[in-house]
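Numbering (my numbering), first residue to last: 7 to 338.
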């Protein structure tokens, strides 16, 4: 029991107020104005034609010229760009399955330019449409968020039951192992439920299972490590990084080129954004550009495990605590 429960309660309420305001700031800041910002696009044509789109006010597009349509479409397959515009056929190639908002924003931007030039709207060819069971393409994002939530919630519950910091390094290792087992099982059960009940995330099962396990594990162990490092403050830091900042910056509801600079920059460096990138690559792009998000998630997992093991065994034994308390009382 804290020596001053009123002071402890006041500090907790102040922390809750800070997180509440931070939540509103982060989500509204990320989503209040979803417009293209330097969205990578290929144009089948000349550099001069591409420059006309690059000179748009606010620079919504980052366009480079490609001589061959197939080469441009290959860049779309490789996740290097968000769309291809071919002026000779007045056709815009988009990929709405990975992110409908990005495809819609690109279509609106190109058609606005064509309208200003008194030209007809571009024909749209969706080369990567969403699944019929998930026409808005949001299931991917919410499953990843569920995996992230499961990871940090498991770490928080373990901290409540066994303490934020393990009493020995062996116990810290066992905690990391328990979180690994939880990640494998949690990813499997979640994937089975959403596939069997709703027919979504119907891509390669083993790859998605492994991706989910990595997302849960990285989040859980990073959360456990931060709690071992900073206790209750570590829990607040986890919520701030993974929920308040990480979720809106993940590029799920809106692709990161539609987010303001800060959110668009940090999103891929946090587990929610890296998880969305990883699952999106597996589902729609045959694993293209998969290494980056894996490195990010592994990095968070390694950092968390290192912190948990380093702080393991640094808890003062009960007998030593009693001796120190008695000595302090005698000194007083």
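Cβ atoms here follow ideal geometry from the backbone N, Cα and C, with glycine treated the same way. All of these numbers come straight from a predicted model, not from anything done at the bench.
Locate the beta strand (DSSP E) running through residue i, then write down its first and last residues.
| i | result |
| --- | --- |
| residue 260 | Segment: none, residue 260 is in no beta strand (DSSP E) and carries neither H nor E. |
| residue 46 | 45-50 |
| residue 71 | 67-72 |
| residue 416 | Residue 416 is absent from the model: the chain starts at 7 and stops at 338. |
| residue 200 | Residue 200 -> not in any beta strand (DSSP E); alpha helix (DSSP H) instead, spanning 175-204. |
| residue 133 | Per DSSP, residue 133 belongs to no beta strand (DSSP E) and is neither H nor E. |
Let's see if you can read the secondary structure: which residues bound the alpha helix (DSSP H) around residue i?
| i | result |
| --- | --- |
| residue 1 | Absent from the structure is residue 1, since the part of the chain shown begins at 7 and ends at 338. |
| residue 76 | 75-83 |
| residue 305 | 297-317 |
| residue 211 | 211-236 |
| residue 287 | 277-290 |
| residue 265 | Unbroken run through residue 265: none, as it is neither H nor E. |
| residue 119 | 106-122 |
| residue 56 | 53-60 |
Enumerate in chain order the residues of its own chain whose CB-to-CB distance from residue i is below 6 Å, with the five nearest sequence positions on each side excluded.
| i | result |
| --- | --- |
| residue 40 | 260 and 264 |
| residue 270 | 262 |
| residue 289 | 209 |
| residue 45 | 67, 88 and 263 |
| residue 243 | 232 |
| residue 172 | 178, 181 and 318 |
| residue 272 | 255 |
| residue 250 | 28, 29 and 32 |
| residue 78 | 48, 50, 72 and 90 |
Can you tell me the Cβ-Cβ gap for residue i and residue j, rounded? I've got them flagged as a contact below 8 Å.
| i | j | result |
| --- | --- | --- |
| residue 67 | residue 115 | 6 Å |
| residue 20 | residue 49 | Contact flag wrong, Cβ pair sits at about 53 Å. |
| residue 278 | residue 150 | 6 Å |
| residue 280 | residue 303 | 5 Å |
| residue 285 | residue 214 | 7 Å |
Can you list, in chain order, the residues of its chain whose CB lies under 7 Å from that of residue i, leaving out five sequence neighbours each side?
| i | result |
| --- | --- |
| residue 247 | 276 |
| residue 76 | none |
| residue 334 | Confidence at residue 334 is low in this model, with a pLDDT of 33, below 50, so the placement of that residue should be treated as unreliable; the coordinate-derived value is given next. Contacts found: none. |
| residue 339 | An answer regarding residue 339 cannot be provided, because it is not within the stretch 7 to 338 covered by the chain. |
| residue 201 | 207 and 208 |
| residue 253 | 151 and 278 |
| residue 53 | 71 |
Looking at the C-beta of residue i, does it have a partner C-beta in chain D at a distance below 7 Å?
| i | result |
| --- | --- |
| residue 189 | Given the protein chain composition of this structure (a single chain), no chain D is represented. |
Closer than 8 Å by C-beta to residue i: which residues in its own chain qualify, once you throw out the five before and the five after it? Chain order, please.
| i | result |
| --- | --- |
| residue 62 | 115 and 119 |
| residue 60 | 67, 68 and 69 |
| residue 298 | 274, 280 and 283 |
| residue 147 | 256, 258, 259 and 282 |
| residue 136 | 102, 103, 106, 142 and 143 |
Opposite residue i in the DSSP bridges: which residues?
| i | result |
| --- | --- |
| residue 89 | 100 |
Stretch pair the stretch 7-22 + the stretch 221-232: three plus CB contacts closer than 8 Å: no
Cβ contact check for the stretch 127-137 and the stretch 91-104: 3 or more pairs under 8 Å: yes
Inter-stretch contact (C-beta, 8 Å, three-pair minimum) for the stretch 118-130 and the stretch 175-189: no
contact_flag[the stretch 168-179, the stretch 215-222] where n(CB pairs < 8 Å) is 3 or more: no
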